[in-house]
Amino acid sequence: MYSTQETGGRRKRLATRAAVVLMASAVVLAIITVSLLAFAFYLDSVAKSLPDMRAALDTIITEQTTVVYAADGTKLAEWHGEQDRTVVPYEDIPLYLRDAVVAVEDKRFYEHHGIDPSGILRALKANTESGKVEQGGSTITQQVVKNLFTNGRRTMLRKVQEALMANALEARADKAKVMELYLNTVYLGRGYYGVESAARRYFGKPARELTLAESATIAGIIKSPTRYCPLDNPDAARIRRDLVLNQMAEQRFITKSQLREAEQQPIVIAPEPAPSDIAPYFVEYVKQDLIARFGAQRVYTGGLQVYTSLDPAMQKLAEKAAARLSQKGDPEVALVAVRHSDGQVLAMVGGRDFSVNQFNLAVQGRRQPGSAFKPFVLAAALQKGIGPAARYNAAPYTVRVKDGIWNVQNYENTITAGRMTLNAATMWSVNAVFARLIMQIGPNNVVQMAKKMGITTPLDPDPAIALGGLRIGVSPLEMASAYGTIANAGMAVRPSGVERVLNDAGEIIYEPNQAATKAMDRPAATIEARMLHDVVQKGTGVKAKIGPWAAGKTGTTQSYRDAWFVGWSSGISTAVWVGHRDGQVAMTDVHGTKVSGGSFPAMIWADFMKGAVRLPAPPTDLP
Numbered sequence: 003m004y005s006t007q008e009t010g011g012r013r014k015r016l017a018t019r020a021a022v023v024l025m026a027s028a029v030v031l032a033i034i035t036v037s038l039l040a041f042a043f044y045l046d047s048v049a050k051s052l053p054d055m056r057a058a059l060d061t062i063i064t065e066q067t068t069v070v071y072a073a074d075g076t077k078l079a080e081w082h083g084e085q086d087r088t089v090v091p092y093e094d095i096p097l098y099l100r101d102a103v104v105a106v107e108d109k110r111f112y113e114h115h116g117i118d119p120s121g122i123l124r125a126l127k128a129n130t131e132s133g134k135v136e137q138g139g140s141t142i143t144q145q146v147v148k149n150l151f152t153n154g155r156r157t158m159l160r161k162v163q164e165a166l167m168a169n170a171l172e173a174r175a176d177k178a179k180v181m182e183l184y185l186n187t188v189y190l191g192r193g194y195y196g197v198e199s200a201a202r203r204y205f206g207k208p209a210r211e212l213t214l215a216e217s218a219t220i221a222g223i224i225k226s227p228t229r230y231c232p233l234d235n236p237d238a239a240r241i242r243r244d245l246v247l248n249q250m251a252e253q254r255f256i257t258k259s260q261l262r263e264a265e266q267q268p269i270v271i272a273p274e275p276a277p278s279d280i281a282p283y284f285v286e287y288v289k290q291d292l293i294a295r296f297g298a299q300r301v302y303t304g305g306l307q308v309y310t311s312l313d314p315a316m317q318k319l320a321e322k323a324a325a326r327l328s329q330k331g332d333p334e335v336a337l338v339a340v341r342h343s344d345g346q347v348l349a350m351v352g353g354r355d356f357s358v359n360q361f362n363l364a365v366q367g368r369r370q371p372g373s374a375f376k377p378f379v380l381a382a383a384l385q386k387g388i389g390p391a392a393r394y395n396a397a398p399y400t401v402r403v404k405d406g407i408w409n410v411q412n413y414e415n416t417i418t419a420g421r422m423t424l425n426a427a428t429m430w431s432v433n434a435v436f437a438r439l440i441m442q443i444g445p446n447n448v449v450q451m452a453k454k455m456g457i458t459t460p461l462d463p464d465p466a467i468a469l470g471g472l473r474i475g476v477s478p479l480e481m482a483s484a485y486g487t488i489a490n491a492g493m494a495v496r497p498s499g500v501e502r503v504l505n506d507a508g509e510i511i512y513e514p515n516q517a518a519t520k521a522m523d524r525p526a527a528t529i530e531a532r533m534l535h536d537v538v539q540k541g542t543g544v545k546a547k548i549g550p551w552a553a554g555k556t557g558t559t560q561s562y563r564d565a566w567f568v569g570w571s572s573g574i575s576t577a578v579w580v581g582h583r584d585g586q587v588a589m590t591d592v593h594g595t596k597v598s599g600g601s602f603p604a605m606i607w608a609d610f611m612k613g614a615v616r617l618p619a620p621p622t623d624l625p
């Protein structure tokens, strides 16, 4: 029996203990409440920092590879930044591949709502038992979020953001959309992003054609793109593939017989695609044109489809013709062929070896044209009504100009006296006649005519331009285009190597303006065409005879430093320049001869045009 005093003391102690427990509980509850409130505020602040998922889904732009095609559909090049990617729709991703990824990366993908608590617990348990990170708790949806919306840093804030955004993503997009995003953004080794790029590189086929075994191989790469890359580690890739196949069988995506059959398949890697060596100078010319229009980022990462005007068969002819000068010490050759009816560039040789020197002599090279510039003087004169029968003194000419005295001699002093028609002076490229002609019509008129016809390099109205004495020089591309104006009945069309450009959705976003503008009257162009035809038939350009009707003009600069032949036939206007890349070097002994416009340039032009005119051609020239 307890005494009354003892009983009272015990009750007092119990009451005190209860009060302490209540106080402790209250403190714990207060801490929990404060913590929950703080966490709620934290979640709210994080949520406010998240992007609008609906808007984000509408504006997701992933890096995609731009593909360049020739006129016949031949693939010329692929341009990409750090990420080589081709985006494909969900329907083009085979079921085998989707199932393989779910089996090995996120078993409950079709059940969770962006976050998988059981997967997180399972990963924690596996990692704790092994003492190292063997499994990740991220779902496919979280990985999409990480790839597209977060910076990838391993912080608590990033993890919370990922979880909230994954939940928001699945509220805005169905599972098919999430899977499509994932399989187009996941990294699969060797710089390849997305299953389409990986399928084409590893197996040489589009993703939609992958077999079960190939699909499992690609799915297996995801965990460690370096370790399981089939190119670098084929044995490890096969072990990983078989693990994926077994996971698929366990989860009843495939049958046991399908498993056994797929496991027997070897991993056959497609051969390394050889880099395209078709028209590298032309491809770079197109690239620089598009970068100027769209910017480098869109060109390299926008997934554009670029359809060019290049004719591969014609390009082979051009390269073969240019190889006439291919011995050590030979000067280089630049050649451009343009379809003058619409300005499309059909072939381009910008130098001997693009891998050694990327400077494009056909586009960037601006050299003195010599007498190849005389057709612009002739065009201005014909436009003013001066006809081919007009007669001029052909003797050497001396005249005062604004900079002093201009002394004009004929080529190697072949003509020293007499008068001749403008047609004969054109046929034999008589300097003194053209010097007198430009003084008659005025250098400004020649400059304006050359610009209208297609010369884009700035020109000074100096009388010396009559003989090709330019301050800067001109490019073969300009010359081919400008001569094409004569062939096109006086209508000038701006040259372009691009036919059209499509965006990643297949919509046309650029087509060059090929509208023709009038540079000279049709009768004047017709007369000039006939006069330049005589140059080929019986003048300085006889080595450019090819059988079909042709017209053109030779050009040779002082000391044989630059030599040209520019002309047209059967709808194709072609310029050929021969010279040394690194400077003004006299070409007085090339294969035992001096290089004038009527020698190697005319022969190379003929070599090319003989084959080119036999290819399917646009409408014929002026008769």
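Numbered according to the numbering used here, the sequence shown spans residues 3 to 625. Cβ atoms here follow ideal geometry from the backbone N, Cα and C, with glycine treated the same way.
- Taking C-alpha positions only, L472 is separated from P398 by approximately 21 Å.
- Assigned with DSSP and collapsed to three states, V340 falls in strand.
- The region 566-624 contains, as complete beta strand (DSSP E) runs of 3+ residues, the segments 574-581 (chain order).
- Proximity to T219 across R174, E252, E265, K179 peaks at E265, based on C-alpha coordinates.
- Only residues of its own chain outside the window of five on either side were considered, and among them F378, A381, A382 have a CB closer than 6 Å to the CB of M451, listed in chain order.
- Under DSSP, the beta-bridge partners assigned to S498 are Q346.
- In the displayed model, K555 falls within a strand according to three-state DSSP.
- Here A374 has K555, G557, W566, V568 as same chain residues with Cβ atoms under 6 Å from its own Cβ, once five neighbours each way along the sequence are excluded.
- Judged by DSSP in its simplified three-state form, Q267 adopts coil rather than helix or strand.
- Note on Y195: 16 or more other CB atoms within 10 angstroms of its CB, so buried under the neighbour-count rule.
- Relative to the Cα of M522, the nearest Cα in the group G543, I548, A494 belongs to A494.
- Per DSSP, reduced to three states, the secondary structure at G191 is coil, with no helix or strand assignment.
- Annotated as distal: L312 and W579, with beta-carbon spacing of 8 Å or more.
- When secondary structure is reduced to three states using DSSP, Y283 falls in the helix class.
- In the three-state scheme derived from DSSP, where H, G and I count as helix and E and B as strand, G406 is classed as strand.
- For T310, DSSP records a beta bridge to V500.
- Looking at the DSSP output, G304 sits in a beta bridge with Q66.
- Considered as a whole, the region 467-499 harbours 478-489 as its complete alpha helix (DSSP H) runs of no fewer than 4 residues, in chain order.
- In this structure, the alpha-carbon of D279 lies about 22 Å from that of E84.
- Only residues of its own chain outside the window of five on either side were considered, and among them P282, Y283 have a CB closer than 7 Å to the CB of F356, listed in chain order.
- Residue state for V401 is assigned as strand, using DSSP reduced to three classes.
- With 16 or more other Cβ atoms from the protein chains shown falling within 10 Å of its own Cβ, V351 counts as buried.
- The beta-carbon distance between I457 and A482, rounded to whole angstroms, is 11 Å. This is too long to meet the 8 Å contact definition.
- When Cβ pairs closer than 8 Å are counted between the two stretches, the region 243-255 is seen to touch the region 104-120, the count reaching three or more.
- Put simply, of N505, G406, A215 the residue whose alpha carbon is nearest the alpha carbon of R262 is A215.
- Note on P91: under 16 other CB atoms within 10 angstroms of its CB, so exposed under the neighbour-count rule.
- Beta-bridge annotation (DSSP): K520 is paired with M493.
- The shortest CA-to-CA distance from G573 to any of K330, L617, E530, L534 is the one to L617.
- Note on L24: under 16 other CB atoms within 10 angstroms of its CB, so exposed under the neighbour-count rule.
- For E182, the secondary structure class from DSSP, reduced to helix, strand or coil, is helix.
- Inclusion of T68 and G297 in the CB contact set at 8 Å is not warranted, their separation being larger than that value.
- Nearest neighbour of R369 by Cα position, chosen from G585, Q145, S226, turns out to be G585.
- Judged by DSSP secondary structure, T143 falls within the alpha helix (DSSP H) whose first and last residues are 142-150.
- About 13 Å separates the CB atoms of A614 and A324; that is not less than 8 Å, and the two are not in contact.
- Residue range 77-81 is occupied by the beta strand (DSSP E) that includes L78.
- In the assembly as shown, T416 is an exposed residue. Its beta-carbon has fewer than 16 other beta-carbons within 10 Å.
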